[in-house]
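Under my numbering, residues -15 to 261 are what the sequence shown spells out, in order.
Positions of the beta carbon are idealized from the N, C-alpha and C atoms, including for glycine.
What follows is a short report on a single structure.
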Amino acid sequence: MTSVPTVTLNNGVTIPQLGFGVFQIPPDRTREAVRVALETGYRHVDTAEMYGNEKEVGQAVRDSGLPRGDVFVTSKLNNGYHKYEDALAAFARTMDDLGLEYLDLFLVHWPLPGVGDYVDTWKAMEEIYRSGRVKAIGVSNFQQAHLERLFRETDVVPAVNQIEIHPYLVQDPLREFGREHGIATEAWSPIAQGKVLDDPAITAIAARVQRTPAQVVLRWHLQRGDIVFPKSVTPERVAENFRLFDFELAPDDVAAITALNRDERTGPDPDTFNYVP
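Structure (structure tokens):
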């Protein structure tokens, strides 16, 4: 079984650098998709209450026969539960749905700056962390200004910031800010929903190293030090996305892919996104 590198978070918890994402996988297909991923060798699964498939993720983890400590599970607080008491109740529901004795990582899914006060939300996250039912807490889609406010007004530095990153949105300033403050960066939409896979620079590198464009882009993420979790319901693609550890990109190739940056998002802008379901 291939050994996936790990990243050590700021509280000493380790997280596999490659994981399996379940965003937009329907609940009735999630259990099988996670089963295949775990059999392939993934030991990190990223879900969220917003995805509607926490129950199926938990079932797949329990059914796998793997020791609980061998599988890193992340979930996220839904946007409708940012008030302090609501956040505590939402976490309890997440744990009930997952059916796991503890969670490895729990994230605030979006800052929602125009809806509520994410500082109060983070204080609820700190209470959840103190409960011992989650090993680490973090944020998702937080910008530098959001993080700086947390530093000023709360006690626990987020362990992770999960943000949109791909060759057309490399996010180097925010990644560096996180690095300076001990916050690990996770990359969502790592291939820009497929938009980067036909880029001539990427296809040329893929042809030279005899890998697919998706493998090249995922390897680029890993070599830059970010945590990444591609998703697929196709077993062949799940396996392909896992085959990233028997080749390396040359430094010039990494630089060439990074140079494709356009500051182009596939998802919402965290400074203006205030959607509450």
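The beta strand (DSSP E) with residue i in it runs from where to where?
{"i": "D139", "result": "Note, D139: premise wrong, no beta strand (DSSP E); not H, not E."}
{"i": "A168", "result": "A168 to W172"}
{"i": "F90", "result": "L87 to V92"}
{"i": "T58", "result": "F56 to L61"}
{"i": "V200", "result": "Run containing V200: none in the beta strand (DSSP E); it sits in the alpha helix (DSSP H), P197 to R208."}
{"i": "D30", "result": "H28 to D30"}
Please return the same chain residues whose Cβ sits closer than 8 Å to the Cβ of residue i, not counting the five positions on each side in sequence.
{"i": "V118", "result": "F75, Y86, L87, D88, L89, F90 and I112"}
{"i": "V99", "result": "N63, H66, N258 and V260"}
{"i": "V201", "result": "H150, P151, P174, I175, V180, L181, I186 and I241"}
{"i": "L206", "result": "P(-11), Q1, L2, V212 and L228"}
Return the chain-ordered list of same chain residues with a C-beta closer than 6 Å to the C-beta of residue i, the five sequence neighbours on each side being excluded.
{"i": "H28", "result": "P0, G3 and F56"}
{"i": "D30", "result": "G3, G5, T58 and F213"}
{"i": "V(-3)", "result": "K119 and A120"}
{"i": "L134", "result": "W106"}
{"i": "E33", "result": "N62 and T78"}
{"i": "A17", "result": "I9 and V217"}
{"i": "H130", "result": "P95"}
{"i": "L82", "result": "E38 and G42"}
With a threshold of 7 Å on Cβ separation, who are the neighbours of residue i within its own chain once the five nearest residues in sequence on each side are excluded?
{"i": "A223", "result": "T24"}
{"i": "M79", "result": "L87 and R117"}
{"i": "T196", "result": "A190 and E224"}
{"i": "F7", "result": "Y35 and K215"}
{"i": "T138", "result": "V103, W106, K107 and E110"}
{"i": "P219", "result": "V20"}
Report buried or exposed for residue i, applying the criterion of at least 16 other Cβ atoms within 10 angstroms of its Cβ.
{"i": "N225", "result": "buried"}
{"i": "D54", "result": "exposed"}
{"i": "A243", "result": "exposed"}
{"i": "T14", "result": "buried"}
{"i": "D47", "result": "exposed"}
{"i": "F231", "result": "exposed"}
{"i": "L50", "result": "exposed"}
{"i": "E160", "result": "exposed"}
{"i": "E38", "result": "buried"}
{"i": "A198", "result": "buried"}
{"i": "G122", "result": "buried"}
{"i": "G178", "result": "exposed"}
{"i": "T169", "result": "buried"}
{"i": "E69", "result": "exposed"}
How is the alpha helix (DSSP H) around residue i delimited, first residue to last?
{"i": "V45", "result": "E38 to D47"}
{"i": "D12", "result": "P11 to T24"}
{"i": "T242", "result": "P235 to T242"}
{"i": "A191", "result": "P184 to V193"}
{"i": "A71", "result": "Y68 to L82"}
{"i": "R159", "result": "D156 to E164"}
{"i": "N225", "result": "P219 to F226"}
What residues match up with residue i in a beta bridge as DSSP calls it?
{"i": "P0", "result": "T(-10)"}
{"i": "I147", "result": "A171"}
{"i": "P123", "result": "The sequence given here places Val at residue 123; Pro does not occur at that position. Paired residue(s): V92 and N145."}
{"i": "I211", "result": "E170"}
{"i": "G5", "result": "D30"}
{"i": "V118", "result": "L87"}
{"i": "L153", "result": "H150"}
Is residue i a contact residue of the ligand FAD, with contact defined as CB to any heavy atom under 6 Å?
{"i": "W94", "result": "In the structure on display, the ligand FAD does not appear, and there are no ligands present to speak of."}
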